[in-house]
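Novice: In numbering that gives the first Met the number 0, the protein residues as written are 0 to 158. Before anything else, here's the structure in question.
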Amino acid sequence: MSDVIKLEVPSDSMTFEIGDKSYTVSFADKSFAVFTDQYNDIKMAEVKLQQELHHRSVELTDKEAQLEKDMINEPMTALDHKKQILQRRYLRMYDDIQNKYKLEAKERFYQLLDGMFGKNAGKELYHTCNDSMVVFAKVVAQIMIRTCLESFQEYSQEG
Numbered sequence: 000m001s002d003v004i005k006l007e008v009p010s011d012s013m014t015f016e017i018g019d020k021s022y023t024v025s026f027a028d029k030s031f032a033v034f035t036d037q038y039n040d041i042k043m044a045e046v047k048l049q050q051e052l053h054h055r056s057v058e059l060t061d062k063e064a065q066l067e068k069d070m071i072n073e074p075m076t077a078l079d080h081k082k083q084i085l086q087r088r089y090l091r092m093y094d095d096i097q098n099k100y101k102l103e104a105k106e107r108f109y110q111l112l113d114g115m116f117g118k119n120a121g122k123e124l125y126h127t128c129n130d131s132m133v134v135f136a137k138v139v140a141q142i143m144i145r146t147c148l149e150s151f152q153e154y155s156q157e158g
């Protein structure tokens, strides 16, 4: 039968070797849709963080300008002192906003990785990353890039 075309069924999963452990993710439509949505939520939270920080920065600039107007007849040292107090307050606010975001991001990453690789995978991977959110975020990004790229390549080969 020379007119039979044999097609190889691509793998429905991908395995990552991270640290000294292997993690396998499924490309089943339902699973893939869930963790893609979760990762999109993570990216949107990052956008909201940047928007909030920008909003606070504009707010600080406006308050500094208002101080300058209100203290037009005051000595420069008094104005500078008030500005420093205001700036310190906003720096604490920025830190609080970013710390809250980091805690929420870690939990979102845990949920994402638990959904992809199984229960407690998120915490395991965080510890593999030396309990560093910077490293952890980079690993999560690499996982998502490779996962999405692989699924896109498989999908594009079907058509």
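Glycine included, every Cβ here is placed at the ideal spot set by N, Cα and C. Predicted, not measured: the structure shown is a model, and the values here were computed from it.
Run through DSSP, which three-state label would Phe15 get?
Specialist: Strand, per DSSP.
Novice: Give the range of the beta strand (DSSP E) segment to which Ser21 is assigned.
Specialist: Here the beta strand (DSSP E) through Ser21 covers 20-25.
Novice: In the DSSP assignment, find the unbroken alpha helix (DSSP H) run with Pro33 in it and report its ends.
Specialist: Pro is not the amino acid found at residue 33; the sequence shown has Val there. Per DSSP, Val33 belongs to the alpha helix (DSSP H) from 28-69.
Novice: So, is Leu111 buried or exposed, given that buried needs 16 or more other C-beta atoms within 10 angstroms?
Specialist: That one is buried.
Novice: Report back the beta-carbon spacing between Val33 and Gly114 to the nearest angstrom; my notes put them in contact at under 8 Å.
Specialist: Rounded, the Cβ-Cβ distance is 6 Å, consistent with contact.
Novice: Starting from the Cα of Tyr93, find the closest Cα among His54, Met43, Tyr38, Ala64 and give me that residue.
Specialist: For the residues His54, Met43, Tyr38, Ala64, the minimum Cα distance to Tyr93 belongs to His54.
Novice: Tell me, to the nearest whole angstrom, how far the beta carbon of Ser21 is from that of Ser12; I am working on the premise that it is less than 8 Å.
Specialist: Wrong, their Cβ atoms sit about 11 Å apart, outside the cutoff.
Novice: Give me, in chain order, the residues of the same chain whose beta-carbon lies closer than 7 Å to that of Thr146; leave out the 5 immediate sequence neighbours on both sides.
Specialist: Once the five neighbours on either side are set aside, the close Cβ partners of Thr146 are Met13, Val24.
Novice: Whose C-beta lies closer than 8 Å to the C-beta of Tyr109 among residues of the same chain, with five residues either side of it excluded?
Specialist: Excluding residues within five positions, the ones whose Cβ falls inside 8 Å are Gly121, Lys122, Tyr125.
Novice: Less than 7 Å between C-beta atoms, sequence neighbours within five positions excluded: which residues of the same chain meet that for Glu51?
Specialist: So the list reads Ile96, once near-sequence residues are dropped.
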